[in-house]
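Undergrad: My questions all concern the structure below.
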Amino acid sequence: MIDWFTVIAQIVNFLILLALLKYFLYGRILAAMEKRQQDIASQWDDAQQQREQAAKEIDDARRKNRQLDEQREQMLATIRDEVETHRQELMVKVRFEVSEQQSRWSEAIQEETAAFLRDLRRRTSEEVGTIARRALHDLADVDLERQIVNHFLSKVRQLGEDEQVAVVASLREGNHAAVVQTTGELTDDLKHLITDTLRRCFLDDLEVRFEKSDDLLCGIALQTDAHKLAWDLRDYLGSLEHEVKQTLEEETAMRKSQREEAAKVGS
Amino acid sequence: MSIKDLSPDDAVLWQWEFASLNYTILYTWIVMALMVLVSWLATRRLTSRPQMSRWQNFLEIVIGTINNQIRDVSQQKPERYLPFIGTLFLFIVTSNLLAVVPGFHAPTASLSTTAALAILVLVAVPVYGIAHQGFIGYLRLYVHPTPLMLPFNVIGELSRTLALAVRLFGNMMSGAKIGAILLAIAPLFFPIVMHALGLLTGLIQAYIFAILALVYIGSATQAHDTRSRLRAEHNTARAEAD
């Protein structure tokens with residue numbers, strides 16, 4: 003049954019086949035498979051490294067974003083503080099300017115009021131003087147200046163004893179000289195009347211000097227070093243001036259409150 | 002070759018002295034030429050990229066499967082055993098599958114071929130065993146567990162070689178002969194079924210032959226590995242105890 007030559011030949015054949023397959027098949031196929039596995043492992047490692055790199059870069063990017071956000075918040079906070087500080091400064095400046103403007107305006111108003119009142123007083127005095135002079139002349143055929151002098155002299159005569167003593171003392175200290183101030187030029191007889199009356203009342207050797215005064219509206223005044231006796235129409239106009247001044251102040255206060263309300267509505 | 006001839010050895014084409022060229026040797030050469038040709042063609046342009054030729058893919062599956070089987074059965078690295086075990090399996094399976102080709106005489110249906118393969122296994126077992134654990138270490142396997150077992154071990158070695166040879170020869174020869182007889186009796190349908198069954202039988206026989214060879218070789222090498230592992234575990238336990 004067994005052909006031993008064939009057995010030996012088959013053993014040789016098998017060994018030859020084994021050598022050929024080892025060279026042509028196993029070595030090459032295993033090398034190719036090994037290389038593929040190495041390539042896959044290498045690619046896997048590369049992918050892993052890239053994934054780790056990507057994760058690291060993502061972390062870096064997130065950290066940078068956080069830092070940028072924080073910086074932005076800090077910058078915004080700084081800008082807000084600066085803006086608020088600047089606004090406060092501007093508000094203070096504006097308030098100061100408004101206050102200054104108000105004080106200037108108030109001063110201007112007061113000046114205007116004072117000028118108006120001065121002008122009013124002057125005009126009123128002139129007009130009242132003129133009216134009084136004409137009325138006295140038309141109704142009683144009396145001269146205004148003479149009436150003023152008479153009224154003044156009657157007040158001098160009616161001075162109390164203490165007052166009279168004080169005036170005399172004052173006149174003595176002033177070298178026995180007195181100044182009589184009037185609104186306009188007096189006639190000579192009025193000047194004599196005054197001089198005589200004053201010498202009778204105070205000192206016999208009194209030297210009287212007459213001069214015009216812008217301070218008087220319509221009146222007469224005796225001026226010594228320490229005393230002044232006067233009658234002036236200004237005294238009668240004081241209440242009128244007070245009334246006008248009060249009216250002006252009320253008008254100003256009302257306009258001011260209206261302006262403030264309008265400013266509130268506008269804001 | 003007639004149906005009376007039990008083996009293709011008997012069909013002699015050329016004879017000189019004791020040397021003869023019979024069908025067994027001729028068809029072995031054909032199988033060898035075919036296998037080498039396919040291997041050469043498939044491995045001419047190998048690529049390590051995922052895109053590869055069908056032949057390369059097929060051979061990689063075959064070689065990969067054989068490699069895995071060797072690893073599973075022997076529990077060792079398969080590279081040392083792949084050329085021998087792989088060639089055994091591929092030669093037997095190619096011969097058996099080609100048996101369905103009309104006019105082809107499978108060399109594995111010859112007792113001389115199966116005896117030659119069994120002798121190769123008989124020689125490979127001590128060669129691998131000695132290469133793996135030395136001459137003394139291998140011979141010690143025959144007196145294991147006691148020297149009384151020596152004759153039984155020797156008889157077992159020879160009997161399993163004989164069993165290898167006769168199992169493969171018997172299966173392949175019977176398949177071929179049954180096919181031929183049925184072709185004479187019922188030539189239309191039945192031989193096709195028997196050929197299909199023959200394909201399955203041939204594949205299984207190739208698998209059995211290769212696996213048994215691997216088990217024999219593995220048993221000659223694994224005993225050493227087991228002893229080495231036990232010795233290492235013992236040394237580790239002693240070191241830990243100290």
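Taken in sequence, the protein lines are chains A and B.
So for the first sequence, the working numbering puts the first residue at 3; every next one is plus one.
So for the second sequence, the working numbering puts the first residue at 2; every next one is plus one.
Idealized CB from N, CA, C, for every residue including glycine.
1) Using the beta-carbon of each residue, which ones in chain A are nearer than 8 Å to residue 33 of chain B?
2) Report the residue ranges of all beta strand (DSSP E) runs contained in full by the segment 124 to 161 of chain B; include only those spanning at least 3 residues, in chain order.
3) Quick one: does residue 41 of chain B have its CB under 8 Å from some CB of chain A?
4) From the DSSP output, in three-state form, read off residue 69 of chain B for me.
5) Taking Cβ-Cβ distances shorter than 8 Å, what residues in chain A pair up with residue 19 of chain B?
6) Here's a check: name, in chain order, each residue in its chain whose Cβ is nearer than 6 Å to the Cβ of residue 154 of chain B, leaving out the five neighbours to either side.
7) Would residue 9 of chain B and residue 25 of chain B qualify as a contact pair, given that the criterion is a beta-carbon distance under 8 Å?
8) Pull up the DSSP beta-bridge partners for residue 21 of chain B, would you.
9) Just grab the DSSP bridge partners of residue 205 of chain A for me.
10) So, is the C-beta of residue 158 of chain B closer than 8 Å to a C-beta in chain A?
11) Alpha carbons only, please: which of B:239, B:85 and B:28 is nearest the one belonging to residue 100 of chain B?
12) Does residue 144 of chain A come out as helix, strand or coil in the three-state DSSP assignment?
13) Checking 8 Å against the spacing of the C-beta atoms, do residue 219 of chain A and residue 234 of chain A come in under that value?
14) According to DSSP, is residue 249 of chain A helix, strand or coil?
15) Nearest chain A C-beta to residue 252 of chain B closer than 8 Å, yes or no?
16) Residue 1 of chain B to residue 30 of chain A, Cα distance in whole Å?
17) When DSSP builds the beta bridges, which residues end up paired with residue 183 of chain A?
18) How big is the Cα-Cα spacing for residue 60 of chain A and residue 52 of chain A?
19) Measuring alpha carbon to alpha carbon, tell me which residue in A:176, A:97 and A:191 is nearest residue 227 of chain A.
20) May I ask you to list, following chain order, the residues of the segment 203 to 219 of chain B that have a beta carbon less than 9 Å from some beta carbon of chain A?
21) Check whether the segment 161 to 180 of chain A touches the segment 105 to 123 of chain A, counting contact only when three or more Cβ pairs, one atom from each stretch, lie closer than 8 Å.
22) What's the call for residue 194 of chain B, buried or exposed, on a 16-neighbour Cβ count within 10 Å?
23) From this set, A:186, A:212 and A:168, which residue's C-alpha is nearest residue 203 of chain A's C-alpha?
24) Considering residue 164 of chain A, what are the terminal residues of the alpha helix (DSSP H) in which it resides?
25) How would you call residue 67 of chain A, buried or exposed, if buried means at least 16 neighbouring beta carbons within 10 angstroms?
26) Skipping 5 residues on each side, what residues in its chain have a beta carbon closer than 8 Å to that of residue 225 of chain A?
27) Using a Cβ-Cβ cutoff of 7 Å, what residues of the segment 45 to 68 of chain A are near chain B? List them in chain order.
28) Please confirm if residue 10 of chain B has its CB atom under 8 Å from at least one CB of chain A.
29) Quick check on residue 85 of chain B - is its C-beta less than 8 Å from some C-beta in chain A?
30) Assess, as a yes-or-no matter, whether the segment 89 to 98 of chain B is touched by the segment 208 to 219 of chain B under the definition of 3 or more beta carbon pairs within less than 8 Å.
31) Which value, in whole angstroms, describes the spacing of the CA atoms of residue 222 of chain A and residue 170 of chain A?
32) Do the segment 107 to 114 of chain B and the segment 169 to 177 of chain B meet, that is, are 3 or more Cβ pairs less than 8 Å apart?
33) For residue 188 of chain A, name the three-state secondary structure that DSSP assigns.
34) Just the chain B side, please: which residues come within less than 7 Å of residue 30 of chain A by C-beta, in chain order?
35) Once DSSP output is grouped into helix, strand and coil, what is the label at residue 207 of chain B?
36) What number of angstroms, rounded off, separates the C-alpha of residue 73 of chain B from the C-alpha of residue 118 of chain B?
TA: So, from the listed chains and residues:
1) Here residue 33 of chain B refers to the residue found at position 32 when the second sequence is read from its first residue. Going along chain A in sequence order, the residues near residue 33 of chain B (Cβ under 8 Å) are 15, 18, 19 and 22.
2) none
3) As a first step, residue 41 of chain B is located in the second sequence; it is residue number 40 there, counting from the start. It does: the Cβ of residue 41 of chain B has a partner Cβ on chain A nearer than 8 Å.
4) Residue 69 of chain B sits at position 68 when you count from the first residue of the second sequence. In the structure shown, residue 69 of chain B sits in a helix (DSSP, three-state: H, G or I).
5) Position 18 of the second sequence, counting from 1, holds the residue named residue 19 of chain B. 7, listed in chain order.
6) Locating residue 154 of chain B in the second sequence gives position 153, where the first residue counts as 1. Correct list, in chain order: 143.
7) Residue mapping note: residue 9 of chain B aligns to position 8 of the second sequence, counting from 1. Residue mapping note: residue 25 of chain B aligns to position 24 of the second sequence, counting from 1. Closer than 8 Å, so yes.
8) Taking the second sequence and counting its residues from 1, the one referred to as residue 21 of chain B is at position 20. Answer is B:16.
9) Locating residue 205 of chain A in the first sequence gives position 203, counting from the first residue. DSSP lists no partner for residue 205 of chain A.
10) The count along the second sequence starts at 1 and reaches residue 158 of chain B at position 157. With 8 Å as the cut-off, residue 158 of chain B does not count as an interface residue toward chain A.
11) Sequence index remark: in the second sequence, residue 100 of chain B carries index 99 (1-based). The option with the nearest alpha carbon to residue 100 of chain B is B:28.
12) The count along the first sequence starts at 1 and reaches residue 144 of chain A at position 142. Coil.
13) Here residue 219 of chain A is taken as the residue at index 217 of the first sequence, counted from 1. Here residue 234 of chain A is taken as the residue at index 232 of the first sequence, counted from 1. Closer than 8 Å, so yes.
14) For this step, residue 249 of chain A is matched to residue 247 along the first sequence. Correct three-state label for residue 249 of chain A: helix.
15) Because chain B spans 2 through 243 in this model, residue 252 of chain B falls outside it and cannot be assessed.
16) Any answer about residue 1 of chain B is impossible in this case: the structure gives chain B only from 2 up to 243.
17) Counting from 1 along the first sequence, the entry for residue 183 of chain A is found at position 181. According to DSSP, residue 183 of chain A bridges with A:213 and A:223.
18) Here residue 60 of chain A corresponds to residue number 58 of the first sequence, with the count starting at 1. Here residue 52 of chain A corresponds to residue number 50 of the first sequence, with the count starting at 1. Going by the C-alpha atoms only, they are around 12 Å apart.
19) Counting from 1 along the first sequence, the entry for residue 227 of chain A is found at position 225. Looking at the Cα atoms, A:176 is the closest of the given residues.
20) none
21) no
22) For the purposes of this step, residue 194 of chain B is taken as the residue at position 193 of the second sequence. By the neighbour-count rule (16 or more Cβ atoms within 10 Å), residue 194 of chain B is not buried but exposed.
23) On the first sequence, position 201 is the one that residue 203 of chain A refers to. Looking at the Cα atoms, A:168 is the closest of the given residues.
24) Reading the first sequence from its first residue, position 162 is the one you call residue 164 of chain A. 163 to 175 is the extent of the alpha helix (DSSP H) around residue 164 of chain A.
25) Your numbering for residue 67 of chain A matches position 65 in the first sequence. By the 10 Å Cβ count, residue 67 of chain A comes out exposed.
26) Translated into positions along the first sequence, residue 225 of chain A becomes position 223. Only 180, 181, 182 and 183 meet the Cβ criterion.
27) none
28) For the purposes of this step, residue 10 of chain B is identified with residue 9 of the second sequence, where counting begins at 1. With 8 Å as the cut-off, residue 10 of chain B counts as an interface residue toward chain A.
29) Along the second sequence, one-based indexing puts residue 85 of chain B at 84. Yes, residue 85 of chain B counts as interfacial toward chain A.
30) yes
31) Looking up residue 222 of chain A in the first sequence gives position 220. Looking up residue 170 of chain A in the first sequence gives position 168. Distance between the alpha carbons of residue 222 of chain A and residue 170 of chain A is about 19 Å.
32) yes
33) Numbered from its first residue, the first sequence carries residue 188 of chain A at position 186. Residue state, collapsed to three classes: coil.
34) Numbered from 1 along the first sequence, position 28 holds the residue referred to as residue 30 of chain A. Within 7 Å Cβ-Cβ: 44 and 47.
35) If you number the second sequence from 1, residue 207 of chain B lands on position 206. DSSP places residue 207 of chain B in helix when its eight states are reduced to three.
36) Start at 1 with the first residue of the second sequence, and residue 73 of chain B comes out as number 72. Start at 1 with the first residue of the second sequence, and residue 118 of chain B comes out as number 117. Rounded to the nearest angstrom, the two C-alpha atoms are 23 Å apart.
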